[in-house]
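Step one of this worksheet: look at the structure below.
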Amino acid sequence: MYRSRFNVDLNKYSLDYTSSTTDDAAIILYDIIGSQAHVLMLYKNNIIPKNDSIKILIALEELKKLKIKNNLKYDDVHELIESMIINKLGIKCGGKMHTGRSRNDQISLDLRLKLREDVNMLCFYLIDLIDVLILLANKNKRTIMPLYTHLQQAQIGLFSHYLLSYADSLLRDFDRLYASYDRINECPLGSGPIGGTSMPIDRKFIMKKLKFKKLISNSIDATSTRDFVVEYLSLTSILMTNISRMAEDFIIWSTSEFSFIELADEFTSTSSIMPQKKNCDVLEIARGKTSCVIGNNICVLTILKSLPSGYNRDLQEIKKPLWSSSEISIQTIFIFKMILKSLIIKKSRMRSISSEGYLTSLDIAEALVKKKIAFRTAHKIVGKLVQIAYELNKPLSKLTVNEIKNSVEHDNHCTPELLIKIINSVTLESSLSNRMSYGSSGFYEQEKMIDERLKKIKSYKLKINKRRNEIKDAITNFSAEIKKTINRV
Ligand code: ARG
31 MYRSRFNVDL
41 NKYSLDYTSS
51 TTDDAAIILY
61 DIIGSQAHVL
71 MLYKNNIIPK
81 NDSIKILIAL
91 EELKKLKIKN
101 NLKYDDVHEL
111 IESMIINKLG
121 IKCGGKMHTG
131 RSRNDQISLD
141 LRLKLREDVN
151 MLCFYLIDLI
161 DVLILLANKN
171 KRTIMPLYTH
181 LQQAQIGLFS
191 HYLLSYADSL
201 LRDFDRLYAS
211 YDRINECPLG
221 SGPIGGTSMP
231 IDRKFIMKKL
241 KFKKLISNSI
251 DATSTRDFVV
261 EYLSLTSILM
271 TNISRMAEDF
281 IIWSTSEFSF
291 IELADEFTST
301 SSIMPQKKNC
311 DVLEIARGKT
321 SCVIGNNICV
331 LTILKSLPSG
341 YNRDLQEIKK
351 PLWSSSEISI
361 QTIFIFKMIL
371 KSLIIKKSRM
381 RSISSEGYLT
391 SLDIAEALVK
401 KKIAFRTAHK
411 IVGKLVQIAY
421 ELNKPLSKLT
431 VNEIKNSVEH
441 DNHCTPELLI
451 KIINSVTLES
461 SLSNRMSYGS
471 SGFYEQEKMI
481 DERLKKIKSY
491 KLKINKRRNE
501 IKDAITNFSA
511 EIKKTINRV
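Count along the sequence shown from 1, then add 30; that gives the number in the working numbering.
Pasting the structure below:
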């Protein structure tokens with residue numbers, strides 16, 4: 031339709047190769063709404079006659095109800111819809127729809143309309159997941175488990191503390207996504223192909239109708255920038271990377287060797303040949319899909335890198351990775367919430383593994399420090415103590431005065447008797463009662479941390495619901511206005 035200059039159609043293979051109509055299925059509705067806002071603006075500013083405007087608005091409204099099939103005969107959804115309007119109304123009327131507009135500002139608008147809903151949906155489900163993490167933490171503030179560094183046992187901890195650490199990471203993900211919204215929610219329409227138009231259009235009118243926060247003022251910027259897409263893809267990459275770490279912990283902790291947790295049967299798979307298997311496929315897929323999301327981010331960055339200014343068709347290729355990352359992130363968050371809600375937590379196993387190792391070593395060393403022994407000396411004493419216990423294959427609590435004699439040689443004040451007394455006074459519970467530092471695994475700290483986060487989550491829920499409703503209402507009100515305008519005639 032656009033080939034006014036040529037006498038031949040685009041080569042069939044070139045059209046198949048370049049058409050984006052398949053990917054555009056996700057933005058058809060936004061394209062129609064954007065066109066209605068544009069036509070309404072043209073009409074209100076006397077750029078096209080009322081009669082034609084109403085006919086176009088009606089035809090666009092009808093298109094909303096139609097199941098438009100992907101049509102490779104066209105370059106993209108913009109050409110497809112304009113052709114349908116012209117086919118229906120004739121070129122004299124339908125041919126006026128694209129006045130003062132280019133596909134370059136149009137696609138930027140469609141992307142922003144879709145993405146602002148996606149980011150809201152992502153935030154909405156994310157806060158639900160964080161809520162579940164905090165509620166689960168609340169139920170597990172006495173569930174003792176080993177904490178790991180280098181995947182080796184490090185300190186006695188609490189399952190609640192672990193869960194809250196991910197709640198906090200995800201809250202930061204939420205904050206980042208929530209803040210990115212303002213950079214998405216800017217209106218590019220009315221920028222023309224790159225340098226604007228001589229038609230007396232009213233950019234602010236469209237901005238207000240579609241509830242954008244502001245205009246993107248520079249028309250070159252508005253038509254060619256996709257930094258808001260890269261920002262979203264980077265943020266979903268960080269989010270998914272956080273989730274993938276939790277997925278990995280859960281996979282490890284579900285093994286027979288750890289057996290700290292078990293996934294509900296409905297979230298696990300089995301084997302075609304080994305009947306005993308219970309595999310964490312869902313979590314493995316989440317781990318795998320994280321790589322796809324990171325790949326999508328790199329893909330779009332690479333498309334944008336060194337792209338000359340103004341619109342280039344390369345930009346069309348960002349849609350697939352964008353849709354993909356949105357879908358993956360939203361699905362993963364949703365499924366993770368269900369996994370957490372049905373998670374089987376093996377508290378006694380966590381506890382028995384916690385008491386088997388030498389996880390109270392630091393607590394013993396710190397008890398020595400409280401007896402005025404230098405920390406480095408205490409470190410040497412307890413290190414020796416652990417080695418003795420390891421060689422005798424005994425827990426620290428079973429060592430005798432005689433066996434530990436050698437461990438105290440570094441310090442004159444520390445007698446084997448004192449050391450035994452300290453060892454016996456340190457238990458899993460005492461370790462966690464004495465852990466007073468801010469943000470630690472201590473029992474008291476857990477109570478505080480959970481309370482703070484439960485309060486915080488309420489305001490987060492309110493603000494994301496408000497934002498989602500604002501957009502929903504704006505689109506509903508706009509559709510109602512269109513219907514009213516149509517019916518008035
Ligand atoms: N299909 C294009 C895209 O998705 C729309 C813009 C096309 N503009 C152009 N001048 N060919 O990016």
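Each residue gets a CB set at the ideal place from its N, CA and C atoms; glycine is no exception.
- DSSP places K376 outside both helix and strand once states are collapsed to three, so it counts as coil.
- Ligand 1 has a heavy atom closer than 7 Å to the beta-carbon of D106.
- The beta carbon of S132 lies closer than 6 Å to those of G222 and P223 in the same chain, with the five residues before and after it left out.
- Between the beta-carbon of S289 and that of K376 there is about 6 Å, and that keeps the pair under the 8 Å contact cut.
- About 22 Å separates the Cβ atoms of Y490 and F258, ruling out a contact at the 8 Å cut-off.
- Scanning the segment 44 to 93 from its first residue to its last, no whole beta strand (DSSP E) run of 3-plus residues comes out.
- By the beta-carbon neighbour count (other beta carbons within 10 angstroms, threshold 16), M237 is buried.
- Excluding its 5 nearest sequence neighbours in each direction, D148 has C-beta neighbours in its own chain below 6 Å: S356, listed in chain order.
- Taken atom to atom, the span from the alpha-carbon of M270 to that of R256 is near 21 Å.
- Distances between the C-beta of N134 and the heavy atoms of ligand 1 include at least one below 7 Å.
- Per DSSP, the beta-bridge partners of I174 are L188.
- A check of alpha carbon separations from E216 across F154, L156, L143 and R172 identifies L143 as the nearest.
- DSSP, reduced to helix, strand and coil, places L449 within a helical segment of the structure shown.
- By DSSP's assignment, C217 forms a beta bridge with L245.
- Membership of A404 in any alpha helix (DSSP H) is not indicated, and neither H nor E is assigned to it by DSSP.
- Under the three-state reduction of DSSP, S489 is assigned to helix.
- The shortest CA-to-CA distance from Y211 to any of F366, G225 and V260 is the one to V260.
- In this structure, ligand 1 has a non-hydrogen atom nearer than 7 Å to the beta-carbon of Y341.
- S382 counts as exposed, since fewer than 16 other C-beta atoms from the protein chains shown sit within 10 angstroms of its C-beta.
- Annotation: the continuous alpha helix (DSSP H) that includes G318 extends over D311 to L334.
- Partner residues in a beta bridge of T457, as assigned by DSSP, do not exist.
- Per the C-alpha coordinates, the member of S195, M31 and V323 positioned closest to M479 is S195.
- Using a Cβ distance threshold of 8 Å, L352 and L263 count as a contacting pair.
- When the five nearest sequence neighbours on each side are left out, the beta carbons in the same chain lying within less than 8 Å of the beta carbon of V431 are those of P446, E447 and I450, in order along the chain.
- Closest in C-alpha terms to P218, from the list F242, S228 and R202, comes F242.
- By the Cβ neighbour-count rule, N507 is exposed, with fewer than 16 other Cβ atoms within 10 Å of its own.
- Note on G318: under 16 other CB atoms within 10 angstroms of its CB, so exposed under the neighbour-count rule.
- When DSSP states are grouped into helix, strand and coil, E287 belongs to the coil group.
- Restricting attention to I358, K493, G340 and P79, the CA atom closest to the CA of L313 is found in I358.
- Here the C-alpha atom of L45 lies approximately 33 Å from the C-alpha atom of R213.
- N248 and N117 have their C-alpha atoms roughly 34 Å apart.
- Residue burial is scored here from C-beta neighbours: F366 has at least 16 other C-beta atoms within 10 angstroms and is therefore classed as buried.
- Between the C-alpha atoms of I434 and E421 there is a straight-line separation of about 12 Å.
- Distance from the C-beta of Q346 to the nearest heavy atom of ligand 1 is below 7 Å.
- Look at Q306 here: in three-state DSSP terms it is coil, with no helix or strand label.
- Ligand 1 approaches I137 closely enough that one of its heavy atoms is under 7 Å from the residue's Cβ.
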